[in-house]
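Below: the structure, in structure tokens.
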Amino acid sequence: MWMKATEGADGTVFYIDRDSIKKEGSLIRVWELQDLKAKGPLEEKSRRVLVEYDSKNERRRVLSFSFHGESMGAGVTLKSDQTPGKWTMVAPNTTAAVVFQVASALKRPVGKTS
6 MWMKATEGAD GTVFYIDRDS IKKEGSLIRV WELQDLKAKG PLEEKSRRVL
56 VEYDSKNERR RVLSFSFHGE SMGAGVTLKS DQTPGKWTMV APNTTAAVVF
106 QVASALKRPV GKTS
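Residue numbers (the numbering used here): 6 to 119.
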């Protein structure tokens, strides 16, 4: 279930799938949906991104993503990749920091259903 986490200065709305949140040690994985106000460079209106956060070291990396032609992950898939990216620091006062905080507050250990 998509839940609004924050909105960027450019009008992009960031959602997280609260049912997808998984925790293993200091790692938290969550699906994000970025709903763009204006079309992106590939003419995408939304992006679905599987992100892994390292709460111990305050960093994140993209595990996979897909860009879509319509809002809320709908429409034609314009690009996708399942190659994990490099770790980057989660800078304070950014949309990534807010999403990380929301996901951390909602996290549950792998295998737990409540």
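Ideal Cβ positions, reconstructed from N, Cα and C, are used throughout, including at glycine.
Legend entry - Start and end residues, alpha helix (DSSP H) containing residue 38: It is not in any alpha helix (DSSP H) - residue 38 instead sits in the beta strand (DSSP E) that spans 32-40.
Legend entry - Burial state of residue 78, where buried means 16 or more other Cβ atoms lie within 10 Å: Residue 78 is classed as buried because its beta carbon has at least 16 other beta carbons within 10 Å across all chains shown.
Inset, instruction - Given a cut-off of 9 Å, decide if residue 60 and residue 19 are closer than it, judged by their beta-carbon atoms. - result: No, the pair does not count as a contact, with Cβ atoms beyond the cut-off.
Legend entry - Simplified DSSP state of residue 111, which is helix, strand or coil: helix
Legend entry - Residue-chain proximity (residue 34, chain E), Cβ-Cβ < 9 Å: In the displayed structure, chain E is absent; only one protein chain is listed.
Legend entry - Sequence-distant residues of the same chain with beta carbon closer than 6 Å to residue 53, five excluded per side: In chain order, 38, 71, 78 place their CB closer than 6 Å to the CB of residue 53, counting only its own chain and leaving out the 5 sequence neighbours on each side.
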